[in-house]
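*Asks:* Could you have a look at this structure, given as structure tokens, before my questions?
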Amino acid sequence: MSAATHTPDLVEQALPDPETPQSTGRRVKDRTATVAVWAAFVIAMIPLVWIIVALLVKGGSVVVSASWWTNSQRGMTTLTAGGGAYHAIIGTLLQAVVTAVISVPLAIMTAIYLIEYGRSTRFGRIVSFMLDILTGVPSIVAGLFIYALWVTTFGLQRVPFAVCLALVLLMVPVVTRSTEEMLKLVPNELREASYALGVSKWRTITSIVLPTAFSGIITGILLGLARVMGETAPLLILGPYSQSIATNLFSGFMGTLPTMINAERNEVAAIPLDRVWGAALTLIILVLLLNLAGRLIARYSAVRK
Amino acid sequence: MTTETEVAQVLRPANHRRQDQVFKALAIGASSVIVALVVLVAVFLVTQAYPALRQNTANFFTSRIFSIDTPPIMFGIADLLWATIVTSVIAVVIAVPLGVSIALFLSHYAPERLARPAAQLVALLAAVPSIIYGLWASQLVAPYYLPVQDFLEKVLGWIPLFSATNTSGGATLMFAGIVLAVMILPIITSLSREVFAQTPTFHEEAALALGATRWEMIRTAVLPFGKPGVISAAMLGLGRALGETIAVTIIISSLSDQNRQSFSLSFFNGGETFASRIANNAAEFDTPTKAGAYISAGLVLFVLTFVVNAIARVVIERRRAFSE
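Keeping their order, the protein sequence lines are chains L and A. The opening position of the first sequence corresponds to residue 0 in numbering that gives the first Met the number 0, with each subsequent residue numbered one higher. The opening position of the second sequence corresponds to residue 0 in numbering that gives the first Met the number 0, with each subsequent residue numbered one higher.
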């Protein structure tokens, strides 16, 4: 290497003299950059704090009343105060659970294929690429697709289950990617030890690999759920709002928190606006709780190496 | 002497092998569903848009008319394309420098104890539902934004992009772009942080050993290394912004027919993006032709996001191939 030919003199010349301080210009630039990156972080925190505080202030008084959690909006108008968000909360939860029941097995099996079988195969690369594309599909396009399939092609009605199908399109890529990351973290030694004991591959996956990655997979599912619960766009196309309690996924309309906000947001009277803020606070509480739970699980039970 | 296959047969009896094959088939099946879904999205959008496009008597790409209630059916996407691209580009232009700065803060500046909770706080921004961003922006932020817009109109109004329009309040493309910037900030931040954190330590140490300040080290070692990652993050952010629906629908006011007659370049104009046009009219999908017209707008949106996401993927793949 050329380093051997350098004499100590040359090296010393190349380095700045530790005795002379850095030039003022360089120091100022360095300080400015430090201040700028701190400032950028603080700026990013403003919307988060602002949103949470504003929702607590404007929606807090609505949400603390017991009837908010037990009553629906049935028979309520913009002039009658009261009623609750029970119908919307169970609508949101019901649709989220059905979406998860369809998405999770699909996502986990796909992740298993990508990590355990399809690594560096041609089909694996195609699936991975398609997953990226699916991640990028705008939620309104997912809604339009299900509309084209469910309503125009099959001639069926707009029902809550169609909303779930659209949400599956949005949840699957999230859960698949996070499961994939978790499966990658499972040490190969575990798989090899299992094979060495004569355990078959699918047994190794189901009883060694998946349990090891379990908590990480749960985290991914919770984050995916949080994402689909806040979705509004597909619901505008497929899930008209209803003020009454509805639990039938295959007929009629079902209220959800996002569509409840959307239905009342254009009113200017105080009563519907209170409902909007109350519903928004309820939604963000649900979403943040899921996020928090996911992150706590991720933190306290990471894959042990 | 036993051959390898005999050993395998001893260790894995026939029924194990069958179970193995079934399990693998399930995994392949699930993966095929993913591929099929994407293909089906494209196929269904195309086949449903096609009849409407056949009946369309206006030029789909250049016409600004959207009249689909009574024949002759005429619709074009020029206005939608303009509003979609303007809002998304404004969002990316604001969010990339901010996101890169936050990523540097998280990867190189924040004290170790702060870095982790700080990153989680930024991630929480991504968890806030889009409808709540829209509500927050239109109800609470708009009053504070208006003076900024008035100021820009006064100072830069001679540039057509910043000229005053009839659109009142904060219901403008510019404001929507700013709110979209907040919404895509987390994804740009987290992807940039990931690549910045992967900068080889010896690059950083080499720069510091040569007497570089921290900022000079970042400029000469971290940023060049992270550049493809940042480009890819920007493209993914752009993809999100293009398709963002409800927040934009709440913020921007659609233009009245009178205001639409002459095309305005101004960022302070109202308008509709692909997504917000579809959302505003979702209740009116009563005939296949009407639905088809909106589905063809959705198809263009799908193609746009497809291209943007594919570019993001190609950029990051290249880097991977290069750095391994």
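Cβ atoms here follow ideal geometry from the backbone N, Cα and C, with glycine treated the same way. Remember, predicted model here, so these are calculated numbers, not experimental data.
What's the C-alpha gap between Q119 (chain A) and S250 (chain L)?
*Replies:* One C-alpha to the other measures close to 40 Å.
*Asks:* Using three-state DSSP, classify M305 (chain L) as helix, strand or coil.
*Replies:* Nothing about residue 305 (chain L) can be reported from this structure: the residues present for chain L run from 0 to 304 only.
*Asks:* How many Å lie between Y112 (chain L) and V27 (chain L) at the Cα?
*Replies:* Going by the C-alpha atoms only, they are around 53 Å apart.
*Asks:* Are there 16 or more other CB atoms within 10 angstroms of the CB of R317 (chain A), so buried, or fewer, so exposed?
*Replies:* Exposed, since its Cβ has fewer than 16 Cβ neighbours within 10 Å.
*Asks:* Kindly indicate the opening and closing residues of the alpha helix (DSSP H) around M253 (chain L).
*Replies:* That residue, M253 (chain L), is in no alpha helix (DSSP H); it is neither H nor E in DSSP.
*Asks:* Short of 7 Å in beta carbon distance, which residues of its chain neighbour I76 (chain A), apart from the five on each side in sequence? Order them along the chain.
*Replies:* So the qualifying residues of the chain are F59, F60, A296 and V299.
*Asks:* Can you check whether the CB of V162 (chain L) is closer than 8 Å to the CB of L237 (chain L)?
*Replies:* Contact flag set, yes.
*Asks:* Are L133 (chain L) and I33 (chain A) touching if we call contact CB-CB under 8 Å?
*Replies:* Yes, they are a contact pair.
*Asks:* Based on DSSP bridge pairs, tell me the residues matched to F65 (chain A).
*Replies:* DSSP lists A:F74 as partners of F65 (chain A).
*Asks:* Residues of chain L with a CB under 8 Å from the CB of R317 (chain A): which are they?
*Replies:* Going along chain L, no residue has its Cβ under 8 Å from R317 (chain A), so there is no contact; the nearest lies around 14 Å.
*Asks:* Starting from W67 (chain L), follow the alpha helix (DSSP H) in both directions and report where the run begins and ends.
*Replies:* Element bounds for W67 (chain L): A65 to T69.
*Asks:* Should F305 (chain A) be flagged as near chain L, meaning a C-beta pair shorter than 8 Å?
*Replies:* Yes, F305 (chain A) counts as interfacial toward chain L.
*Asks:* Within 10 angstroms of the Cβ of R192 (chain A), are there 16 or more other Cβ atoms? Answer buried if so, exposed if not.
*Replies:* Buried is the call here.
*Asks:* Looking at the secondary structure, which residues open and close the alpha helix (DSSP H) in which F273 (chain A) lies?
*Replies:* Where F273 (chain A) is concerned, the enclosing alpha helix (DSSP H) stretches over F273 to N279.
*Asks:* Step through the CB atoms of chain A and report whether any lies within less than 8 Å of the CB of N290 (chain L).
*Replies:* Yes - at least one Cβ of chain A is within 8 Å of the one on N290 (chain L).
*Asks:* In terms of residue numbering, what span does the alpha helix (DSSP H) encompassing N290 (chain L) cover?
*Replies:* A269 to Y299 is the span of the alpha helix (DSSP H), which, as asked, contains N290 (chain L).
*Asks:* Would a check of beta-carbon distances place I50 (chain L) closer than 8 Å to chain A?
*Replies:* At least one chain A Cβ lies under 8 Å of I50 (chain L).
*Asks:* Quick one: is N14 (chain A) buried, meaning 16 or more other Cβ sit within 10 Å of its Cβ, or exposed?
*Replies:* It counts as exposed.
*Asks:* Could you check which residue in L:L287, L:G293 and L:V227 has the C-alpha nearest to that of T91 (chain L)?
*Replies:* Among L:L287, L:G293 and L:V227, the Cα nearest to that of T91 (chain L) belongs to L:V227.
*Asks:* Going along the chain, which residues of its own chain have a beta-carbon closer than 6 Å to the beta-carbon of E111 (chain A), five neighbours each way excluded?
*Replies:* Nothing meets the Cβ criterion.
*Asks:* Does L143 (chain L) have its Cβ less than 8 Å from a Cβ in chain A?
*Replies:* Taking Cβ atoms only, chain A reaches closer than 8 Å to L143 (chain L), which makes this a yes.
*Asks:* Comparing the C-beta of G135 (chain L) with each C-beta of chain A, is any distance below 8 Å?
*Replies:* Taking Cβ atoms only, chain A reaches closer than 8 Å to G135 (chain L), which makes this a yes.
*Asks:* Below 8 Å on the Cβ atoms is my contact criterion, and I expect A225 (chain L) with L168 (chain L) to pass it. Report the Cβ-Cβ distance as a whole number of Å.
*Replies:* Not quite, the Cβ-Cβ distance comes to about 16 Å (not below 8 Å), so this is no contact.
*Asks:* Return no unless some Cβ of chain L is closer than 8 Å to the Cβ of Q197 (chain A).
*Replies:* Closer than 8 Å: no.
*Asks:* I need the straight-line Cα distance from R25 (chain L) to T212 (chain A), nearest angstrom please.
*Replies:* Cα to Cα, R25 (chain L) sits roughly 8 Å from T212 (chain A).
*Asks:* For P287 (chain A) and G229 (chain L), what's the separation of their Cα atoms in angstroms?
*Replies:* C-alpha separation (whole angstroms): 29 Å.
*Asks:* Could you give the C-beta distance for A188 (chain A) and G98 (chain A), rounded to a whole number, given that I count them as a contact under 8 Å?
*Replies:* The identity of residue 188 (chain A) in the sequence shown is Thr, whereas the question assumes Ala. Yes, they are in contact, since the Cβ atoms of T188 (chain A) and G98 (chain A) sit about 4 Å apart, within 8 Å.
*Asks:* Does the distance from the CB of L172 (chain A) to the CB of A233 (chain A) come in under 8 Å?
*Replies:* Taking 8 Å as the Cβ cut-off, L172 (chain A) and A233 (chain A) do not qualify as a contacting pair.
*Asks:* Out of L:V275, L:G82, L:I296 and L:V61, point me to the one whose CA is closest to S71 (chain L)'s CA.
*Replies:* Minimum Cα distance to S71 (chain L) is reached at L:G82.
*Asks:* Please determine whether the Cβ atom of Q20 (chain A) lies at a distance below 7 Å from any heavy atom of the ligand PLP.
*Replies:* You won't find the ligand PLP in this model; it holds no ligand whatsoever.
*Asks:* Output, in chain order, the set of chain A residues within a Cβ distance shorter than 9 Å of V171 (chain L).
*Replies:* Within 9 Å Cβ-Cβ: V32, I33 and L36.
*Asks:* Given this structure, state the Cα-to-Cα distance separating A2 (chain L) from A208 (chain A), to the nearest angstrom.
*Replies:* Model confidence at A2 (chain L) stands at a pLDDT of 44, short of 50, so the residue's coordinates are unreliable and nothing is read from them.
*Asks:* Tell me whether K183 (chain L) is buried or exposed, calling it buried when 16 or more other Cβ atoms sit within 10 Å of its Cβ.
*Replies:* Looking at its Cβ environment, which holds fewer than 16 other Cβ atoms inside 10 Å, K183 (chain L) is exposed.
*Asks:* Is there a C-beta anywhere in chain A that falls below 8 Å from the one on M75 (chain L)?
*Replies:* Judged by the 8 Å Cβ criterion, M75 (chain L) is not in contact with chain A.
*Asks:* Closer than 7 Å by C-beta to Y299 (chain L): which residues in its own chain qualify, once you throw out the five before and the five after it? Chain order, please.
*Replies:* Around Y299 (chain L): no qualifying Cβ.
*Asks:* Any idea what DSSP makes of P137 (chain L), helix, strand or coil?
*Replies:* Here P137 (chain L) sits in coil by DSSP.
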